Every structure is written in C-alpha cells, then in structure tokens.
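In this text, residue positions in the sequence shown follow this note's numbering: the first is 1, and each later residue adds one. Glycine included, every Cβ here is placed at the ideal spot set by N, Cα and C. If you're wondering where the values come from, they're calculated on a predicted model, not measured in any experiment.
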Amino acid sequence: MVNVLIGCTGSVATLKLPNLIQEILREIHGSKIRVVVTEHSKHFFDPKDLPEEIDIFNDKDEWNSWQKRGDEVLHIELGKWADVFLIAPLDANCLGKLTSGICDNLLLCTARAWELGKPLLFCPAMNTKMYNHPLTAAQISTLKSWGYTEIPAIAKTLICGDTGLGAMAEVADIVCAVKSVLERV
Ligand SMILES: Cc1cc2nc3c(=O)[nH]c(=O)nc-3n(C[C@H](O)[C@H](O)[C@H](O)COP(=O)(O)O)c2cc1C
C-alpha cells in the first residue's frame, strides 16, 4: 500500500488531474490518493470528474479543521500520511514561492514541512516565455539540490498557442517516474 499525495497548482495542466489519478490507480497497485490544491488550480478541474473516494483538500480545510489546541494541523497530517508527494503541475508562482520558503497556502505549507528523506517529485508547467526566464532553471536546480525529483517539462504547442518548452510531462511519464522513485525507497 502506498499513499500518494498529489499537489495541483494554477497551471492549465491541472486539466490532466482526472487522467493522472486514473493512471496512478491503474499502475501503482495498492495506491491511495489524496489531492491538495491551490485556489487557482480549482479553475481547471471539476471534483465530480474524480473518483468519489479521493479526498481533495484546500486552504479552507486547513483553517476549518483547526479550532483549538490539540486539533490536528492539516498540512502536518497530510505530510505524515503521504509516502510520496507529487506536485503536478508545479506552476511558476509556486515554484518561486517553494524555492524561497514561502508557505502561504496549504500546498506550500505541506511542501515546507515535508520530510526531506521522503520522495517529492515535481512537474514544472508554464508558458514557454515564463519557462525560458533564467529564474526557472535556477529555481529548479535549487529544488533538486534538496533531493526533490524533477519530471522535466516538455516542448509542444501549448494551450495558449505558443510552441516550445514548458508543457507538463506526459501523464504516462509522470506515473513511470513515481513508480521508479518508489522502487528505490
Ligand atoms: C488560463 C490560465 C492558465 C494558466 N496556466 C499557467 C501555467 O500553465 N503555468 C503557470 O506557471 N501559470 C499559469 N497561469 C498563471 C497562474 O494561474 C497564476 O500565476 C496564479 O497566481 C497561480 O496561483 P497558484 O500558484 O497559487 O496556484 C495561468 C493562468 C490562467 C488564467
């Protein structure tokens, strides 16, 4: 049994979340999935398109679930629950925040409190012009220096019509990368 926490950010590649979940459940036997989302990522999927048993957590859940001393802190509990954290897609905004330690939402708090000994994989996804900014490579290399695994962006014609690097890796390749990281732990 393996607990997979998927993080989704405000990239259009979050459209692939239903497919990503379906493939993980199919390819990683015994996997249980939870999803942590940013507010902007919610624009890109309908929870009704996900299997009923999948719990989705957002910033409101973090604050609603803590009322008094002794209550569980959601971003800590999610980190304890998960064996692997897959941030797919990781947009430019969360990439920058993650790199500099900012944790102003549930997803980023979970990442900031993530135990470095456990696998964290990330899939950058952004417009080519954003991707080509020198900050992107520098920030990706910072995440890798902490032991996180990059599933590199690919080149294609993006939804905005631009062609070039920056699209999220294909779902099949993401699932393959998660499987191979899990085989090593
Ligand atoms: C339709 C649409 C698509 C977007 N796609 C991306 C994307 O693929 N990558 C990215 O870095 N930002 C993208 N953005 C911009 C982010 O949504 C924006 O930076 C937002 O503040 C991210 O918030 P979050 O990181 O808290 O989810 C897109 C915005 C819109 C309106």
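- In this structure, the straight-line span from the alpha carbon of Glu27 to that of Ile33 is close to 13 Å.
- Within 10 angstroms of the beta-carbon of Asn64 lie fewer than 16 other beta-carbons, which makes it exposed.
- Relative to ligand 1, even the nearest heavy atom lies 6 Å or more away from the CB of Asp61.
- For Ser180, the enclosing alpha helix (DSSP H) stretches over residues 171–184.
- Take the alpha-carbon of Cys160 and the one of Asp91: they are about 15 Å apart.
- Judged by DSSP in its simplified three-state form, Arg34 adopts strand.
- At least one heavy atom of ligand 1 falls within 6 Å of the beta-carbon of Val12.
- Minimum Cα-Cα distance from Ala125 among the listed residues Val181, Val35, Gly166 corresponds to Gly166.
- Secondary structure remark: continuous alpha helix (DSSP H) runs of at least 4 residues inside the region 35–101, in chain order: 59–64, 74–81, 92–100.
- Less than 7 Å separates the beta-carbon of Leu86 from that of Leu121.
- Between Asp61 and Leu74, the gap from beta carbon to beta carbon is short of 7 Å.
- For Val36, the closest C-alpha among the options Leu15, Gln22, Asp59 is that of Asp59.
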